[in-house]
Structures are given as structure tokens and as C-alpha cells.
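By the numbering used here, the letter at position 237 of the sequence shown is numbered 1348, and the numbering carries on one by one without gaps. Working notes, structure below.
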Amino acid sequence: MLLMSRLKKLLSDNGFAKAVITLVSGSLIAQALTIAVSPLLTRIFSPKELGVYTLILTAESLFGSIICGRYDVSIVSEPNEEKVYPIIKLSLIVTLIFSFLAALGYGSFYFIFNEEYTGYSYAILFIFLMLVFNGLMRILESYNNRYKEYKLMTSVFVLKTSMQNLGSVVLGLLNFGVLGLLVSHTGGMLFGLKKQSTKLKKHMKIVFSSSRLEMKEVAMNHIRLPLYSAPAMFANRFSYASIALGIEALYGLGVLGLYSISYKALGLPLTVMSNNVAKVFYQEASREYDKTGKFIKSFKKTAMLLALIAIPMVLILYFLSPLVFEIVFGKEWRQAGIYVQFLAPMFGIRLIVNTVAYGLQVVKKQHLELILQILFIVASFTCFIISKLLKFNVTQYLISISISFSIIYILYFFTVMLNASGKLKNR
């Protein structure tokens, strides 16, 4: 009864609830599309092809969230409207520079210097394009979020996901292999950009006319973002990307292909859902903090809502994943369902914590964020080394990842909660 009364109170906050429901509904539709298409992909593409594709997409996973130097985040929170436009121009410039460097570095390491993958050297171009488009989307999403254009954000995301999934199937049937997957993924990112930029388009002259002095000013005002938040976010992405890279190093492309379906069905949709709800949380928490010096109300209602989603989700996935994967994807993919089974508890906790983690940016404690995220990298490397030394099989490796990451997420959650209540305000 207490839980239901709290839920009723939570949903009575019409603005918050409506925004969350709008964005979550888009995530669920996109997840349904992805799950519906996945059985076709497992029959069209081999585990090795999906493994190579995952290795390439790992670059976007690693660098996509920091491709703007995290300056895109300040588009939402910047109180001075006139300073938003120099931030946008700065974000665009940083995106182009970082995209080139990241594509060249990551692409060369895996697809030029590694003889096993030299046949996929064209991946470097796609990595560059994916990162540039990713930066554009982040800038536009932040601008949309500033003005609470959640319906627009949802419709664009569903359109993009639909085109990516449709393209993967069509080009796969035409035997384009890994190239077809890359074309559909990269091309799909373009859909909706025009619609998403409608509001900003009116101000593009102001954006491009922003002077170096104005960009320097906003860059220094938000310097903690590239100094602390960007490394923290990279650490977060690297800790998860390292799972895929570790599987490739320890068990080969075939097993990586199986894991890719596990992540596609579980990790990717939940990450998108978390990111979408986080946009609402960050906007609400920033406004609450400006007025009260705390954001505990936003923290509680967001954590409670996501817990109500995460708990039943984890239980269903833990008990049913192997059977469902075997029925839907085919007998050889049952193992991927077992991977989901052991990763589900960690991803459930991650859904909640990754969303409220933006609270540390609200109180400008990006240094705490960086410290906590480094713990994930330490845990990832430790699990990799132990698995290699003790010759763990892939299931044991994933269990060790799930347990260690879950412990760190719980620590992360309580750190954000203390900051939300104002108890660590001056520390």
C-alpha cells in the first residue's frame, strides 16, 4: 500500500511523469523493433560477421558520449540563453576534431595494424561518420531537451531505429555482409536530423557568428565538463566496451557475436531508456537545485519509477532468457540467453544508477564521477586478468563482471543520494 501511494504521488507530478512516459514509450517501441528484427539478423548474418560489426560499433560506444567534450550537456543547464549559441558552435568544432582523431586511432589499431581485420579497413570511414553524426544528434537532443521537446525526441529516435533495423535486414538479404550493417546503421542516424533541428535552424546565423572570445568564455565556464565529466564518461563507456574487447581477446569473434545479440537485446535498449529518462531527470534536478540547493525530490521519484521497471524486468530475464533466445533466435543462440541471464541483475541496477548519476553534474562534482567511473575500469581489468590466469569460461567471466560492477553501482547510487539530499554539499 505504501509503495502504491508513493507511485500515485509520483505520477501526480504531471510534467515529470508525462515527460518520462513519452521518452520511455519511445524506448520501448524501439526495443520492440530491435527484438523483432534480431531473429532475422541471427539467420542472415553469421556470429563472426556480427562479431566484426560489434567490434566496429564499439568505437561509437567508446567515444560517442564524449565526442563533444561533454559541452553538449551544458546546452541544457546554461541559464544565459545568449551563451547557448557559442556552446553549440564549440561543441560542433570539438566533435569534428575528436571524430577524426578517434576514427584514425581506433580504426588503425584494429583494422590496419591487425592482420586479421585488414579486409575491413573501410571501417575507419564509417567510424568517423558515425561519430560526427553522433555529435550532431547529441547537440540537437540537448537543445530539444532545453525546451522540453520530448515528443519530438521520441519520434526521431523511433524513426532512426526503424530505418536502421529495416536497412540491416534488406542489405543483409542482398548479401552485403558487414558493409550492409554499417551502411544501415550510419545512414539511419541521419533520419530525423532535419526535423530535430527545426527550432535551432532559426538561430544558426547566431551560432556561426559566435566569436572565438565568446567560445573561449563558455569553454572556461564549463571547463569541468571536459576535465572531469568527459574522462568519467569515457571510463564508463570503456568499462563496458572492454567487456566486448575482452571477449574478443579471450574467446574469439564467434563468442563475441553471441554476446553482441545479448547486448543488442538487453544492454543497448536499457542504455537508451536510461539515457532518455536521464534527460528529464537532469533538467528537473537542475531546476530544483537552482531553487532549493538540493535535488532529492527529483532523485527519489526517478529512482522509484525506474526500480518499478527494473525489478520485474530482471526477474523475467533471469528465469526465461535461455528458453526465449532458443525459441526466437534458434538453438545455437541459447548460449546468448545464458549470457543475458547472468548480466540481467547488473543491467537492472545500471538502469537506475546511470540515470540518477547526472546528479553529480548538477552539483558540479564531476571529480567524484571520475573517481567512481575509474573503479569500473579497475574492476574490468581485474576480471580480465583473473579470467585469463584461471582460464575462466565466458560464463564465469561475465558473472565476475556482473558481481563487481553491481557492487560499484550500489556505491555510486548512495554517493548520488547523499549529494541529492545536500549532506555532501560542502565536501
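Yeah, the Cβ is synthetic: ideal placement off N, Cα and C, and Gly gets one too. Just so we're clear, the structure is a prediction, and the values are computed from it rather than from any experiment.
My output table needs one value for residue i: the three-state DSSP class, helix, strand or coil.
| i | result |
| --- | --- |
| F1469 | It should be noted that the sequence gives Tyr, not Phe, for residue 1469. If DSSP states are grouped into helix, strand and coil, Y1469 belongs with coil. |
| Y1400 | helix |
| E1189 | coil |
| I1460 | helix |
| Y1258 | coil |
| L1152 | helix |
| K1313 | coil |
| S1157 | coil |
| F1410 | helix |
| F1302 | coil |
| G1283 | helix |
| S1557 | Residue 1557 cannot be examined here, being either before or after the span of the chain that is shown, 1112 to 1538. |
| I1358 | helix |
| S1320 | coil |
| K1390 | helix |
| K1129 | helix |
| G1441 | coil |
| S1432 | helix |
| S1353 | helix |
| V1474 | coil |
| S1308 | coil |
| K1271 | helix |
The alpha helix (DSSP H) with residue i in it runs from where to where?
| i | result |
| --- | --- |
| C1494 | 1477-1500 |
| V1366 | 1364-1373 |
| V1289 | 1288-1299 |
| N1530 | 1505-1531 |
| V1329 | 1323-1332 |
| P1337 | Here P1337 belongs to no alpha helix (DSSP H), and DSSP marks it neither H nor E. |
Would the beta-carbon of residue i be found less than 7 Å away from any heavy atom of the ligand NAD?
| i | result |
| --- | --- |
| A1389 | Ligands are entirely absent from the displayed structure, and the ligand NAD is therefore not among its contents. |
Taking the straight line between their C-alpha atoms, what separation do you get for residue i and residue j?
| i | j | result |
| --- | --- | --- |
| V1280 | S1172 | 22 Å |
| N1255 | T1309 | 10 Å |
| M1315 | C1179 | 18 Å |
| V1467 | L1285 | 43 Å |
| A1143 | E1480 | 32 Å |
| T1169 | F1406 | 34 Å |
| L1240 | Q1446 | 33 Å |
| R1335 | P1197 | 17 Å |
| I1485 | I1177 | 16 Å |
| V1439 | V1425 | 19 Å |
| A1073 | F1453 | What the structure shows of the chain is the stretch from 1112 to 1538, and residue 1073 is not part of that stretch, so it cannot be assessed. |
| L1381 | L1462 | 6 Å |
| F1516 | T1265 | 30 Å |
When you compare the CB of residue i with every CB in chain C, is at least one pair closer than 8 Å?
| i | result |
| --- | --- |
| H1333 | Absent here is chain C; the protein component of the structure consists of one chain. |
Note to self: Could you tell me which whole alpha helix (DSSP H) segments of length 4 or greater appear in the segment 1161-1245?
What the structure shows: Counting only runs of at least 4 residues, the segment 1161-1245 fully encloses the following alpha helix (DSSP H) elements, listed from N- to C-terminal order: 1185-1188, 1192-1222.
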